[in-house]
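J.: Position one of the sequence shown corresponds to residue 4 (the working numbering), numbered consecutively onward.
This is the structure I have questions about; it appears just below.
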Amino acid sequence: MRRASLACIYELAKQDERVLFLGSDLGAGVLDDMKQEMPDRWFMEGVAEQHIIGMAAGLAMEGFVPYVNTIATFLTRRCFEQVAVDLCLHNLSVRLVGNGGGLVYAPLGPTHQAIEDIAIMR
């Protein structure tokens with residue numbers, strides 16, 4: 004699923020120069036071609052998920068179409084306020100792509116378990 008969603012972002016970026024990829028400290032090997040061909044539209048910001056939401060908001064306000072990708076629970080639990088205030092209150096066109104919903108990343112500990120992600124984002 005992760006590989007397919009990232010490949011889809013790359014295909015969308017080839018068709019629309021407003022499409023940007025923003026990630027946080029994740030290997031995104033499937034996007035190596037995008038990184039090489041469109042380095043100005045590919046951002047890997049490290050462990051800074053809240054920052055990436057604010058960054059995506061600013062880019063969307065300037066007419067870009069950001070796709071934010073990170074571990075699901077980091078988009079929901081860690082970034083809840085930024086998603087609500089920076090994105091939702093402004094009705095911005097930012098796509099959030101969460102990897103590892105539910106217990107997929109459970110071996111990494113409770114901070115990586117996205118068991119309430121759907122409830123949080125309703």
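Glycine included, C-beta positions come from ideal geometry on N, C-alpha and C.
So who's on the other strand from N2, going by DSSP bridges?
T.: In this structure the chain extends from 4 to 125, so residue 2 is not present and cannot be described.
J.: I need the straight-line Cα distance from A59 to P69, nearest angstrom please.
T.: Translated into positions along the sequence shown, residue 59 becomes position 56. Translated into positions along the sequence shown, residue 69 becomes position 66. Computed Cα separation, rounded: 6 Å.
J.: Apart from the five residues on each side of it in sequence, which residues of its chain come closer than 7 Å, Cβ to Cβ, to L62?
T.: In the sequence shown, the residue the question calls residue 62 occupies position 59. Taken in chain order, the residues that qualify are L23 and P69.
J.: Going straight from the alpha carbon of A21 to that of G66, what length do you get?
T.: For the purposes of this step, residue 21 is identified with residue 18 of the sequence shown, where counting begins at 1. For the purposes of this step, residue 66 is identified with residue 63 of the sequence shown, where counting begins at 1. A small fix is needed here, since residue 21 is Arg in this sequence, not Ala. Each residue's Cα considered, the two are about 7 Å apart.
J.: Counting C-beta neighbours from all protein chains within 10 Å, is the total for G32 16 or more, i.e. buried, or is it exposed?
T.: Mapped onto the sequence shown, residue 32 falls at position 29. With fewer than 16 other Cβ atoms within 10 Å, it is exposed.
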